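So for the sequence shown, the working numbering puts the first residue at 278; every next one is plus one.
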Amino acid sequence: GQDLYAAGLTSFAAVQLMLALEESFDIEFPERMLNRRSFATMESIAACIQELRPQAIAS
Numbered sequence: 278g279q280d281l282y283a284a285g286l287t288s289f290a291a292v293q294l295m296l297a298l299e300e301s302f303d304i305e306f307p308e309r310m311l312n313r314r315s316f317a318t319m320e321s322i323a324a325c326i327q328e329l330r331p332q333a334i335a336s
């Protein structure tokens with residue numbers, strides 16, 4: 278997938294995105310997922326959400 282940071286995602290925006298996802302999916306990203314790689318692409322974000330809340334994203 279497209280690198281969201283290359284497309285203009287900033288660290289500040291990534292934190293805002295993380296907080297919105299936590300609220301929307303009723304999840305909490307553990308410290309091990311708080312890195313650039315976890316939020317680099319839509320696919321990597323979806324994989325994190327899938328791991329934290331398997332029923333959140335239908336395959």
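The beta-carbon is built from N, C-alpha and C at its ideal position, and this holds for glycine as well. Source: prediction; values computed, not measured.
Check                                                            : Outcome
GLN327 to ARG309 span [Cα, whole Å]                              : 15 Å
Extent of the continuous alpha helix (DSSP H) run through GLU300 : 288–302
Short Cβ contact (8 Å threshold) for ALA333 with PHE306          : no
Backbone CA spacing between LEU281 and LEU298 [nearest angstrom] : 16 Å
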